[in-house]
Amino acid sequence: MLARNPDHHFIFALADLQRAVRAYADQQAARYGLTRAQWAVLVKVYREEGLQQAKLAKLLDIQPITLTRLVDRLCSSGLVERRPDASDRRVNRLYLTPTARPLMAKLRTLRDEINQTALSHLKPAEADRLIAQLEQIKANVRAAYRSQCQAKKRKERRHG
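What follows is the structure, encoded as structure tokens:
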């Protein structure tokens with residue numbers, strides 16, 4: 000049931016939705032012996048073979064040590080391999096193994112199934128509109144966040 004004032008209900012509904020989607024995605028990823036976090040790593044590496052491990056941590060917005068543990072498990076599972084960078088041997092680059100390639104097709108199908116489940120009661124035009132609205136909301140929040148960060152930096156420079 001919607002609150003009388005949608006402004007009061009939106010954040011809670013969004014948080015509840017996020018928890019439900021995460022739980023469902025975790026459950027579905029487990030079918031392939033993966034966690035949702037491992038799945039995210041595989042997708043990013045698939046999209047950008049040779050990705051630097053440090054850059055991947057930033058893209059996923061996780062601590063480097065957390066990513067190291069995830070990559071360690073994926074390497075142990077034979078799905079990802081680390082290779083030293085040709086010009087800087089301190090830098091690791093990540094690549095999918097041949098074993099991971101068939102799994103990626105299964106994960107794409109799984110992603111489509113999860114999307115279908117989530118959007119099943121919406122008409123295609125409604126789903127498109129919802130996604131566009133969510134993208135706009137995300138842009139609004141990111142802009143507000145950046146603005147606050149910039150204001151904080153200016154204040155620190157003045158008083159620092």
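Mapping of the sequence shown onto numbering that gives the first Met the number 0: position 62 corresponds to residue 61, and the numbering continues sequentially without gaps. Note that the Cβ used here is the ideal one computed from N, Cα and C, for glycine as well. Just so you know, these numbers come straight off a predicted model, no measurement behind them.
Review point. In whole angstroms, what is the alpha-carbon distance linking R88 and Q27?
Key: Roughly 37 Å separates the two Cα atoms.
task = Give the secondary structure of Q51 by DSSP, where H, G and I count as helix, E and B as strand, and everything else as coil.
result = Looking at Q51 - three-state DSSP - the assignment turns out to be strand.
#### Entry: Among H8, A19, V42 and R35, nearest to P101 - alpha-carbon criterion
The residue with the shortest Cα to Cα distance from P101 is V42.
Reduced DSSP category for P63 - H, G, I as helix; E, B as strand; rest coil
Three-state DSSP puts P63 in a helix.
- Grab the span of the alpha helix (DSSP H) containing R81 for me, first residue to last. Taken as a continuous stretch (DSSP letters only), R81 belongs to no alpha helix (DSSP H), being part of the beta strand (DSSP E) at V79 to P83.
Exercise for review: Go ahead and label L69 buried or exposed: buried means 16 or more other beta carbons lie within 10 angstroms of its beta carbon, across all protein chains shown.
Suggested key: By the C-beta density criterion, L69 is buried, having at least 16 other C-beta atoms within 10 angstroms.
To the nearest angstrom, report how far apart L66 and K57 are at their CA atoms. Answer to the nearest angstrom: the Cα atoms are 10 Å apart.
* Could you spell out the range, first to last residue, of the beta strand (DSSP E) harbouring Y94? => Its beta strand (DSSP E) spans residues N91 to L95.
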